[in-house]
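Engineer:
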Amino acid sequence: VSATHLFKVREGDMVVSGQLDFEQVGLEYERVAAVALRQGEREAVATVRRGRYSTEVLSINVFGVLSITPAIIDARGATVVTVAGEGFSAFAPIQCVFGASSVNATLVGMGTVVCAAPTTTTTGGSCEALDFNVRVGTRQTATTNVPFQRPAPAVPSAALVQARYPFAPSGFDTTITVRGVGFVSSPWGVCRVRQGTSGASQTLSTA
1 VSATHLFKVR EGDMVVSGQL DFEQVGLEYE RVAAVALRQG EREAVATVRR
51 GRYSTEVLSI NVFGVLSITP AIIDARGATV VTVAGEGFSA FAPIQCVFGA
101 SSVNATLVGM GTVVCAAPTT TTTGGSCEAL DFNVRVGTRQ TATTNVPFQR
151 PAPAVPSAAL VQARYPFAPS GFDTTITVRG VGFVSSPWGV CRVRQGTSGA
201 SQTLSTA
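Those letters in the sequence shown? Residues 1 to 207, per the UniProt record's numbering, in order.
1. Could you give the residue range of the beta strand (DSSP E) that holds residue 135?
2. Could you compute how far the alpha carbon of residue 120 sits from the alpha carbon of residue 74?
3. Mind the definition here: the region 86-103 touches the region 25-43 only if three or more C-beta pairs lie below 8 Å; say whether that holds.
4. By DSSP, does residue 223 sit in helix, in strand, or in coil?
5. Which word fits residue 132, buried or exposed, when buried means at least 16 other C-beta atoms lie within 10 angstroms of its C-beta?
6. Report the three-state DSSP secondary structure of residue 40 (helix, strand or coil).
7. Put residue 47 into one of helix, strand or coil per three-state DSSP.
8. Looking at the unbroken beta strand (DSSP E) that takes in residue 67, where does it start and where does it end?
9. Hey, residue 85 and residue 117 are a contact pair by Cβ (cut 8 Å); roughly how many whole angstroms apart?
10. Could you tell me the alpha carbon to alpha carbon distance between residue 79 and residue 47, rounded to whole angstroms?
11. For residue 84, report the span of its beta strand (DSSP E) as first-last.
12. What's the call for residue 105, buried or exposed, on a 16-neighbour Cβ count within 10 Å?
13. Please determine, among 55, 22, 87, the residue with the shortest C-alpha to C-alpha distance to residue 10.
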């Protein structure tokens, strides 16, 4: 801390990861008089003198989101999301906030948490952006520029088999290629074939 600057230093390698500069008020600059860390909330409380007779108390998050993986998740939920950030702590419960929905997160390290995306309703079967934040205790990031694309489950109306013929000979393994949008990489993805007249369906091997 200096008279007119507040620095955020990363634990371990002591690298400066953030800086808050204070403004000039009249003939004098705002000055940091004291800083206290609320460990459980991951919050820094700074007492700032504004000029000669005014004092202000600032509440500052000491945690934040740097990146999110993956960038596209399934609206049906259960996609495991990895959040890379800084300042996470085991002293308070951590939650991932997907729009208006929140789910508990697991702390992997000071810089990583993981959580499972909740089920979300999409309209029109298209990708929709959903803002993402992290909550530690009662404190929360407030960003609107880290959107998720949440596609509805892809339901192809037709599949092409062996170039252009929508059928295959019985008794032989045949590769079916489905082209569409909104597919999500998942170990649980499968292909399902439905008979047009009887409605019978058959689940094939893992897609």
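The C-beta atom is built at its ideal place from N, Cα and C for all residues, glycine as well.
Structural biologist: By the coordinates alone:
1. 129-136
2. 9 Å
3. yes
4. Nothing can be reported for residue 223: it is not among the residues displayed for the chain, which extend from 1 to 207.
5. buried
6. helix
7. strand
8. 64-69
9. With a Cβ gap of about 17 Å, residue 85 and residue 117 do not count as contacting.
10. 42 Å
11. 80-86
12. buried
13. 87
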